[in-house]
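Written below as C-alpha cells is the structure these notes are about.
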Amino acid sequence: MSGRLLTGLTRSGPLALDRHVATHGPLPDSGSELIAEVLAAGLRGRGGAGFPAGVKLAAVAEGTRPVVIVNGTEGEPMSAKDRSLLKRTPHLVLDGAIAAARAVGAREVFVCASAQANTVVAAALAEREHAGRRAQPRFTLLPRADGYVAGEETAVLAHLEGRPPRPRVTPPRPAQQGYHGRPTLVQNVETLAHLALIARHGAAWFRELGTEDRPGSTLLTVSGAVRTPGVYEVPSGIALDEVVHLAGGAIEPARALLVGGYFGAWVSGEGRGLALDDVALRPHGAAVGAGVVVVLGESACAVAETARLTAYLAAESAGQCGPCVNGLGALAGAVERLATGRAASDDGERLVRWIEMVRRRGACAHPDGAARMLTSANRLFGSELAEHARRGPCARCAVASALVLPAVGASLQRAAA
Amino acid sequence: MSRPSDLRHAASDGEELVLDPIACVGHGLCAELLPERIVLDDWGYPMVEPSVPSALHGHAVRTVKACPALALKLRRTASQR
Chain C
12 MSGRLLTGLT
22 RSGPLALDRH
32 VATHGPLPDS
42 GSELIAEVLA
52 AGLRGRGGAG
62 FPAGVKLAAV
72 AEGTRPVVIV
82 NGTEGEPMSA
92 KDRSLLKRTP
102 HLVLDGAIAA
112 ARAVGAREVF
122 VCASAQANTV
132 VAAALAEREH
142 AGRRAQPRFT
152 LLPRADGYVA
162 GEETAVLAHL
172 EGRPPRPRVT
182 PPRPAQQGYH
192 GRPTLVQNVE
202 TLAHLALIAR
212 HGAAWFRELG
222 TEDRPGSTLL
232 TVSGAVRTPG
242 VYEVPSGIAL
252 DEVVHLAGGA
262 IEPARALLVG
272 GYFGAWVSGE
282 GRGLALDDVA
292 LRPHGAAVGA
302 GVVVVLGESA
312 CAVAETARLT
322 AYLAAESAGQ
332 CGPCVNGLGA
342 LAGAVERLAT
352 GRAASDDGER
362 LVRWIEMVRR
372 RGACAHPDGA
382 ARMLTSANRL
392 FGSELAEHAR
402 RGPCARCAVA
412 SALVLPAVGA
422 SLQRAAA
Chain U
82 MSRPSDLRHA
92 ASDGEELVLD
102 PIACVGHGLC
112 AELLPERIVL
122 DDWGYPMVEP
132 SVPSALHGHA
142 VRTVKACPAL
152 ALKLRRTASQ
162 R
C-alpha cells in the first residue's frame, strides 16, 4: 500500500531504522514552533474524537514538567490501524512522539500498547541506541489495559497510575492535570505518525491531501463483506465506495456500512457515494471516528448484528455512571427482545426514549456512542426491527456475525450470563 | 470546585449545576429539593438542567448541600470567569 504513513513498507515485519530514514528523511530538530505548524496543518486526533492535535499540544505546552503518552490502546475491536503502525513502522511513531515531546517540553514518554506491539517498539528503540542515537526523551513501555473504554485518555492515565482503566470526570483535562497531576499529552499512535511527517514536510504539504475539515490522509480498517479486509491509507474525504473498491470490492451486495467503530453509525449500503469526512457524514449521524469501515452484506441480519453490538457496548460499560450501566443494559435488553420477537408492547417506544435518556449522561462518551449507533440502526433498520418484533428471528439471524469478532464473543457470553 | 463557603459569595446570576455522574449513586434527594431543574430518569438517576436563575439560587445551594454523595456542585458559568 502506498501513501504517506505506510510508504516504504516491506512485505512483512517492521521498517528498519536505515530504511525508515531513507524513506522519510531524518526527523528535523524542531521545538515548540511545531505547535503552530500542527495547528496550521489542521491535524485531527485519530483515536476517535477528532480533537485538533495542535490545540492539545498548545494546552500541554503551557504547563510545567509535562509528559507525553503514546496511546496505542486501540480498544475498538474493529480497528487494527494503530497496532499495524506500531508493528510495521515503529520509527515513524517514535519520531512523532519525540517531536511532540520536544514541542511541549516533555522529557518523558510512555508508550501504552499491546505486548506484541511493545516488543517491536522496544526493538526499534534498541536499534536507535545501537545507531548511537541517545534516547531523548526517555521512553517507558507499558502494556495496555483490556476493555472497550480503556483507550479513553483519562482511562489510560488511570491505568498508567496503577488504577483500574476507567475514565474519570473531565475537566480537568489531562492537558491540565494528567499523569500524577502533571500536564499530559495523550495522543493516538496514528496522530503521532502524521505529526512526524508534518515536522518534516510542513502544514502546506499535509493539506495537499484530504478535505478542509479533515486534512491529510487517514488510516482505515476495512472489514466485513469485502474481498481483502485490512488497513488502508486513503486521502481523507474519499468516497465510501472507493474504500470498498480498495478493499477488493464487496463479496455480496451491501446492506449497510458501519462507519467509525462500534460507537459509530450505520449508513445505508446504497449511500456509498458518501465522503469519509465528518462534515459529509454528520447529516447521517456518523463520523470518521477511529477510521473503521465494516461492510455488512445482505446475507447478514442487520437487526441481529445491532443486538449483538448493543449487548457488547452494554457489557463494556466501565460500570461507574448509573445512566450508562442501567441505560445501556436496558437498551440491550429492549433490542434483544425486539430482535427475538419477545418484546413488550412498549419496547419500541422505550428504545427511542432510552436512546435519548443516556446521551451526555456519562463521565465519558461511551453512552453517547451507543446512542449514536442505535439511532442510526433505528433509522436504517426500523422496519426490519418491527418485523422481528412481530415474527421473531429471521432466517439470516442465525448467520455467524460479521461484526462481533470471535475474541468479542467471550465478553458477549459474559453479558448474557 | 465550589465548597459551600464559596457558594455564599457566588453571584446568583451566571451559575450552573454540575453533576458528577461517577459520584452520583441515585439517592434522588436532589429531584425532591429542586424539581424545577432536576428530574429522575427511568433508573432513578438525576437529569439536570444546569442553568440556575437567581430566584432558584437558595434552593440550588440547599440541594447541593443535601446530596449525600457530594455529587452535585454549583459553579459560576464559564463566561463569567
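Residue numbers (our numbering), protein chains in the order written: chain C, 12 to 428; chain U, 82 to 162. Idealized CB from N, CA, C, for every residue including glycine.
With a CB to CB cut of under 8 Å and the five nearest residues on each side skipped, what residues in its chain are close to residue 220 of chain C?
15, 226, 227, 228, 246, 247
Along chain U, in chain order, which residues have C-beta atoms closer than 7 Å to that of residue 368 of chain C?
Result: 122, 123.
Thinking just about the alpha-carbon of each residue, which of C:222, C:60, C:201 is nearest to the one in residue 271 of chain C?
C:60
Measure from the alpha carbon of residue 327 of chain C to the alpha carbon of each residue in C:303, C:163, C:184, then state which is nearest.
C:163
Where the alpha helix (DSSP H) containing residue 380 of chain C begins and where it ends
Run containing residue 380 of chain C: 377-402, per the alpha helix (DSSP H) assignment.
By the DSSP assignment, the alpha helix (DSSP H) with residue 127 of chain C in it spans what residues?
126-141
Assuming the contact rule is C-beta atoms closer than 8 Å, residue 202 of chain C and residue 54 of chain C should be a hit. Round their C-beta distance to whole Å, please.
7 Å
In DSSP terms, what residue 198 of chain C is bridged to:
C:81
Assuming residue 182 of chain C and residue 165 of chain C are in contact, meaning their beta carbons sit under 8 Å apart, how far apart are those beta carbons, in whole angstroms?
For a cut-off of 8 Å, the C-beta gap from residue 182 of chain C to residue 165 of chain C is around 10 Å, too long to register as a contact.
Residues that residue 187 of chain C contacts on chain U, provided the C-beta gap is smaller than 9 Å:
Residues of chain U whose Cβ lies closer than 9 Å to the Cβ of residue 187 of chain C do not exist; the shortest such Cβ separation is about 12 Å.
Give me the Cβ distance between residue 314 of chain C and residue 354 of chain C, rounded to the nearest whole Å; I'm assuming they're in contact under 8 Å.
Between residue 354 of chain C and residue 314 of chain C the Cβ distance is about 12 Å, and since that is not below 8 Å, they are no contact.
Pairing CB atoms from the segment 71-84 of chain C with CB atoms from the segment 231-239 of chain C, are three or more of them under 8 Å?
no
In chain C, which residues lie with their C-beta within 8 Å of the C-beta of residue 131 of chain U?
Residues of chain C passing the Cβ test: none, with the nearest at roughly 11 Å.
Along chain C, in chain order, which residues have C-beta atoms closer than 8 Å to that of residue 105 of chain U?
Here the neighbours are 332, 333.
For a minimum of 4 consecutive residues, which ranges assigned as the alpha helix (DSSP H) are wholly contained in the segment 343-376 of chain C?
List check, alpha helix (DSSP H) in window: 358-369.
Taking all protein chains shown into account, decide if residue 90 of chain C is buried (16 or more other Cβ within 10 angstroms of its Cβ) or exposed.
buried
Can you pull the chain U neighbours of residue 372 of chain C, defined as C-beta to C-beta under 8 Å?
102, 122, 126, 128
Chain U contacts from the segment 384-413 of chain C (Cβ-Cβ distance under 9 Å):
none
Report the three-state DSSP secondary structure of residue 472 of chain C (helix, strand or coil).
Lying before the first or after the last residue shown, residue 472 of chain C is absent from chain C, which here runs from 12 to 428.
Does the Cβ of residue 238 of chain C have 16 or more other Cβ atoms within 10 Å, making it buried, or fewer, making it exposed?
A residue is called buried when at least 16 other Cβ atoms come within 10 angstroms of its Cβ; residue 238 of chain C does not meet this threshold and is exposed.
Give me the Cβ distance between residue 118 of chain U and residue 98 of chain U, rounded to the nearest whole Å; I'm assuming they're in contact under 8 Å.
6 Å
When the cut-off is 8 Å and only beta carbons count, does residue 96 of chain U lie next to chain C?
no
Between which residues of its own chain and residue 110 of chain U is the CB-CB distance below 8 Å, once the five residues before and five after are set aside?
144, 147, 148, 149
Option nearest residue 303 of chain C by Cα separation, candidates C:51, C:35, C:86, C:17:
If you compare the alpha carbons of C:51, C:35, C:86, C:17 with that of residue 303 of chain C, the shortest gap goes to C:86.
Tell me the residue span of the beta strand (DSSP E) that contains residue 243 of chain C.
Residue 243 of chain C: member of the beta strand (DSSP E) spanning 241-246, first to last residue.
Excluding five sequence neighbours on each side, which residues of the same chain lie with their C-beta closer than 8 Å to the C-beta of residue 66 of chain C?
50
What number of angstroms, rounded off, separates the C-alpha of residue 113 of chain C from the C-alpha of residue 148 of chain C?
8 Å
By Cβ distance, which residues of its chain are closer than 6 Å to residue 277 of chain C, with the 5 residues on each side in sequence left out?
267, 269, 387, 388, 391
For residue 370 of chain C versus residue 358 of chain C, is the C-beta distance shorter than 8 Å?
no
Name the residue from C:262, C:64, C:173, C:43 whose alpha carbon lies nearest to the alpha carbon of residue 206 of chain C.
C:64
Can you have a look at residue 127 of chain C and say buried or exposed, based on whether 16 or more other CB atoms are within 10 angstroms of its CB?
exposed
Entirely enclosed alpha helix (DSSP H) segments - the segment 208-258 of chain C, minimum 4 residues
251-257
According to DSSP, residues forming a beta bridge with residue 151 of chain C
C:121
Quick one: measure Cβ to Cβ for residue 339 of chain C and residue 366 of chain C, integer angstroms, because I've assumed they're closer than 8 Å.
Not confirmed; about 10 Å, so no contact.
Kindly give me the distance between the Cβ atoms of residue 92 of chain C and residue 230 of chain C, rounded to whole angstroms, as I take these residues to be in contact under 8 Å.
4 Å
Assuming residue 362 of chain C and residue 345 of chain C form a contact by the criterion Cβ under 8 Å, report the distance between their Cβ atoms to the nearest whole angstrom.
5 Å
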